[in-house]
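Take 5 as the starting number for the sequence shown in the working numbering and just add one per residue. The beta-carbon is built from N, C-alpha and C at its ideal position, and this holds for glycine as well. Quick caveat, the model's predicted, so the values are computed rather than measured. Please read the structure below before turning to the comments.
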Amino acid sequence: MAKGVTAFSNVWIVVAESAPADEFVVHPKEVVFKQRVLPTGAAQIQSDYEGIDGKNAAQSGAQLIELRAEGKAIFCSTDMGHDFEYNNTWIGRKNRVRCFSDDDLDGDFDQSFWGYNSVKELPTLVGIIPDKLEQAVSIPYSRINPNDFKQKYFVAVFFTGKSFIRGNLEFDIRYGEDGRWGYFNSPKISPGQIKSYPDIMTIMGSIISAKRADESSVRVKVLRMMPAQPFGITVMKFTYFM
5 MAKGVTAFSN VWIVVAESAP ADEFVVHPKE VVFKQRVLPT GAAQIQSDYE GIDGKNAAQS
65 GAQLIELRAE GKAIFCSTDM GHDFEYNNTW IGRKNRVRCF SDDDLDGDFD QSFWGYNSVK
125 ELPTLVGIIP DKLEQAVSIP YSRINPNDFK QKYFVAVFFT GKSFIRGNLE FDIRYGEDGR
185 WGYFNSPKIS PGQIKSYPDI MTIMGSIISA KRADESSVRV KVLRMMPAQP FGITVMKFTY
245 FM
């Protein structure tokens, strides 16, 4: 890492839960189960903040998620909705979040900067901030238990239906909020050519028994939910030259 800059990133922690006792039927595009994910750390702002232009305010009581950074405490809002320009590229409203840095770890934020969220369904921030202040501030904050973080995000297993080619029952992993799910651009998860017999599959440590209920739906029993574990999303971008 170049001298004079601080790198930051964040992951989420899957909250372990007990598996449901009974088996149940799931139809295509329905959730099999979901588990909450929490930030590794969280904070709450203790005073109002108006922002450099009076538009990017943060109210007392606003909650922030903690990012991993060396030598500084960095927290960011999960409230997305601000346009900005970065390296001559226009960044949309769903990608910009307000971040704060406590450089001397004294319980007051010392600077504020814009962070770029690369995954709109589940806040995922990776980047660097310069040692030189972008905007000097003095905002008291207090750390809170991540369990008290109010915004609810989840990781879930969905039944996506039957594949077009072989007719396999397919599942995938999704993340985000109820009604606003993201998913990976990867092959679907399939326990094989399920007909009338149970088949077992493992997804992120969970164990699921599945069998056909009818032509389009599946009867499942969750034998074990996902154990507590880190959960993060890596976003890869490619540049093509012609």
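With respect to Thr82, Gln155 sits close: the two C-beta atoms are nearer than 8 Å.
Closest in C-alpha terms to Gln233, from the list Phe158, Asp110 and Leu109, comes Phe158. Counting only runs of at least 4 residues, the segment 102 to 142 fully encloses no alpha helix (DSSP H) element at all.
When Gln139, Leu126 and Phe175 are compared, the shortest CA-CA separation from Arg223 is found for Phe175.
In terms of Cα proximity to Gln63, the closest of Val36, Gly209 and Tyr145 is Tyr145. If you compare the alpha carbons of His31, Ser22, Leu42 and Ala217 with that of Thr128, the shortest gap goes to Leu42. Of Glu21, Phe37, Gly119 and Phe113, the smallest CA-CA separation from Phe12 is found for Gly119. Relative to the Cα of Val101, the nearest Cα in the group Glu27, Phe235, Ile237 and Gln67 belongs to Gln67. For Pro144, the secondary structure class from DSSP, reduced to helix, strand or coil, is strand. Take the alpha-carbon of Lys166 and the one of Ser122: they are about 31 Å apart. With a 10 Å radius around the Cβ and a threshold of 16 neighbouring Cβ atoms, Ala77 comes out buried. By the Cβ neighbour-count rule, Gln39 is buried, with 16 or more other Cβ atoms within 10 Å of its own. DSSP, reduced to helix, strand and coil, places Asp176 within a strand of the structure shown.
Excluding five sequence positions before and after Asp106, the CB atoms of its chain that fall closer than 7 Å to its own CB belong to Lys76, Ala77, Asp112, Phe113 and Asp114, given in chain order.
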